[in-house]
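In the numbering used here, the protein residues as written are 1063 to 1911.
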């Protein structure tokens, strides 16, 4: 989720008040794009005064983090920019932090290193580094343009990285070219949220392969009082609108702009046929600019008076509409099922059933057949040979405005309602509008448009356009019917329930009784109005019921949890945000109904057991880092974190009738929650972390500081082998000089420790320039030796080739029979008596990745 500067500052200060040490650690790693466990540990150990490993865990799960995995995390870009500004207040510390990031990421992906260099240059030198930053970004831009195999990957990186750069870097010419080069490969949707991405660069042709921008493509568009419509490429459209030749890039990009000063607006679009762009009617000129920088001025081609766009106009309704071509003029129609179109009957009065026509919708042209015709009702139905994909039938988008099981219309309530008729021709979209006084209701009156029938009459004198014949009518979010004609200042409408009854009369073998379905839909709407009327009561019951049932589903499983078995235990919940889903409403018998509700908790407490080896990684020096100060084998630590969860609950409501026969909600209850209906959305931060009850003792308390097993001249190694005794292992330890280094000549003092189990020290002389000896042990221990002032350390719990039974058990070694004849231990310090561990928690672990 993106975060603006103000919210980032608020989040940072809130977290700083709770954990200032973790914020100090975050400040020193803020120059890194991706923060791995090794970088985090190395940074912490270099801070003065040093922090402990719990602060690493606190930062890892903190609200400062945008995304994380078991191996690394990424800070929110807005948070990172504020932390970088704080880091630069101490230039010496900032330089040290940069050198550490640069060294540890030297062998990482080059594109990540480039992003970090740009970040450092922008921070340390500011605009003085503009030339260097442009040069870095230009290399990336060249790769995206010239290497088609890497182009998509570089484009995705660019859109992500630009959000992390300072504003003045994102405003540079190369950064803007990167942005639009990415859009050229990923589409304009990739520009959402990118600064100044609503306008094209001056000349963007070279961002596309040459074969695209050298070719030209013709598009046609029309300016009306409502806006701009890109026309379908039909023979009829050749006589309408404006013709433009634009570079045939893939995708096709065009910048549309209008207005001046505060009203100035820009938009980058793909000019697809049928695409509509609303433009204020009082704007006299609209400018179009191509990727090659060519500009065109588009003036209004409409002679109709300007008309403000209605506030509740829904452009998506036009996606339910189609244009049916006739020999004379054609007619608007609209989908009521994926196979059936409805329209007015008048344009098809003399046409026999079964006649074929062409219907155009969403850039497609399909054959339809006249299925049903009722001049009395004003309804014509058309059938496609197969279902139209991607369309949204109008009766599934809006409930009908009255009960279709009744012969007469019902108008509940009173007041003025707004109606809109959505017109569509083969070239453009338009609308008409007006108002109905529901206290009086529409009236019926015989009309020549419907011989023998009496369509509804609704006032249309307020509309500056005549509604088109066949145009669907929506009244305050309800499907009302369609236009069959005009009489004076009134529009004649065939009501929606009449359309559904006409469809039911066709008795299609593969269609259900849609009149019955429409009646059920009306009753569903009535029940939903009751639920919304008692929403406070219903949501209170849902919140209480969900928390009660979650007590039976405390275990949660998610790959977002870093626990060994990806599970955790929920222990508490914050406030609930509840969303009711009307589409799931199912009417039961006896005045009951079932529906689903989404319940989001943003402050859920989850306890989990983290496998330390999941966080441990190896670096080039063969040292191991972790987020804890304890040992490195497959032990666990207990973490309590705050997370967001989502619950899908099934809710039942029961109704009752009052003395005056009015329905009310009597009760609401959550009746079920399944395990797979509980989803972990995100982990925000850790509250506390500590070793779990089943964690083994640390074999090297306060002594292990990620020391290396190798110096510039020597290396410390160990080989573990099994013996004839199942719980005894033979450990061979060697101190060996590297190539071109003089042989070892003096005895070495070795220190072997196993936590509370004691310490064994041993002096071993060299043989043939190498120190080599064997010990026996039933478990792992730590070996230390000092050679020429350098201390080497080897933790055998991390020995990758050692048997698992050896690594997971701590023990102090003993000399073998051969070793005891050659050397005598300098000292042996036993550990304290081991107290009873008591009952232990069973642990499920998985191998370290």
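In this text, a Cβ means the ideal position worked out from N, Cα and C, and glycines have one as well. Predicted model only: the values in this text are computed from it and were never measured.
Boundaries of the beta strand (DSSP E) in which residue i is found, first to last residue
i            : result
residue 1634 : 1629 to 1634
residue 1648 : 1638 to 1649
residue 1320 : 1316 to 1320
residue 1866 : That residue, residue 1866, is in no beta strand (DSSP E); its alpha helix (DSSP H) goes 1866 to 1869.
residue 1812 : 1810 to 1815
residue 1823 : 1820 to 1826
residue 1615 : Taken as a continuous stretch (DSSP letters only), residue 1615 belongs to no beta strand (DSSP E), as it is neither H nor E.
residue 1777 : 1776 to 1784
residue 1854 : 1852 to 1857
residue 1329 : 1327 to 1331
residue 1735 : Careful: residue 1735 lies outside any beta strand (DSSP E) and carries neither H nor E.
residue 1334 : Here residue 1334 belongs to no beta strand (DSSP E), and DSSP marks it neither H nor E.
residue 1800 : Residue 1800 -> no beta strand (DSSP E), and no H or E assigned at all.
One or two residues paired with residue i in a DSSP bridge
i            : result
residue 1138 : Answer is none; residue 1138 lacks a bridge partner.
residue 1081 : According to DSSP, residue 1081 bridges with nothing at all.
residue 1396 : 1383 and 1404
residue 1289 : 1340
residue 1120 : Paired residue(s): none; residue 1120 is not in a bridge.
residue 1534 : 1544
residue 1309 : 1278
residue 1485 : 1492
residue 1836 : 1794
residue 1549 : 1552
residue 1021 : In the structure displayed, the chain extends from 1063 to 1911; residue 1021 sits before or after that span and is not available.
residue 1706 : 1744
residue 1876 : 1838
residue 1238 : Looking at the DSSP assignment, residue 1238 forms no beta bridge with any residue, so it has no partner.
residue 1729 : 1716
residue 1773 : Paired residues: none, contrary to the question.
residue 1848 : 1853
Whole-angstrom C-beta distance between residue j and residue i, which should lie under 8 Å
i            : j            : result
residue 1329 : residue 1309 : Residue 1329 to residue 1309, Cβ: 18 Å. No contact.
residue 1240 : residue 1205 : At roughly 11 Å, the Cβ-Cβ gap does not stay under 8 Å, so residue 1240 and residue 1205 are not in contact.
residue 1094 : residue 1101 : 6 Å
residue 1333 : residue 1281 : 5 Å
residue 1160 : residue 1130 : Not quite, the Cβ-Cβ distance comes to about 23 Å (not below 8 Å), so this is no contact.
residue 1289 : residue 1207 : Wrong, their Cβ atoms sit about 34 Å apart, outside the cutoff.
residue 1795 : residue 1843 : Rounded, the Cβ-Cβ distance is 10 Å, inconsistent with contact.
residue 1731 : residue 1603 : 6 Å
residue 1126 : residue 1073 : 7 Å
residue 1816 : residue 1853 : Not confirmed; about 18 Å, so no contact.
residue 1872 : residue 1841 : 5 Å
residue 1515 : residue 1439 : 6 Å
residue 1565 : residue 1402 : 6 Å
Residue i: first and last residue of the uninterrupted alpha helix (DSSP H) it sits in
i            : result
residue 1172 : 1172 to 1186
residue 1600 : 1597 to 1612
residue 1200 : 1192 to 1208
residue 1231 : 1229 to 1232
residue 1568 : 1558 to 1568
residue 1155 : 1153 to 1166
residue 1102 : 1099 to 1108
Contact between the region 1779 to 1797 and the region 1662 to 1670 is defined here as three or more beta-carbon pairs at a separation below 8 Å; is this criterion met? no
Does the contact criterion of 3 or more C-beta pairs under 8 Å hold for the region 1634 to 1654 versus the region 1730 to 1743? no
Would you be able to state if there are at least three C-beta pairs under 8 Å between the region 1182 to 1198 and the region 1113 to 1126? no
Using 8 Å as the cut-off, can you tell me whether the region 1340 to 1359 makes contact with the region 1427 to 1441, which would need three or more C-beta pairs spanning the two stretches below that distance? no
Touching by the beta-carbon criterion (3+ pairs, under 8 Å), the region 1387 to 1406 and the region 1540 to 1547: yes
Does the region 1798 to 1807 come into contact with the region 1817 to 1826, if we say contact requires no fewer than three beta-carbon pairs (one atom in each stretch) closer than 8 Å? no
Counting pairs of beta carbons, one from the region 1434 to 1444 and one from the region 1591 to 1604, are three or more of them closer than 8 Å? no
Length-filtered (4 minimum) alpha helix (DSSP H) runs lying within the region 1416 to 1456: none
Indicate whether the contact test is met: 3 or more Cβ pairs, each with one atom in the region 1698 to 1708 and one in the region 1638 to 1651, closer than 8 Å. no
Does the structure place the region 1105 to 1113 close enough to the region 1607 to 1615 that three or more beta carbon pairs sit under 8 Å? no
Across the region 1517 to 1536 and the region 1384 to 1396, are there enough close Cβ pairs to call them in contact, namely three or more that are closer than 8 Å? yes
Give a yes or no on contact between the region 1219 to 1236 and the region 1139 to 1151, applying the rule of three or more CB pairs nearer than 8 Å. yes
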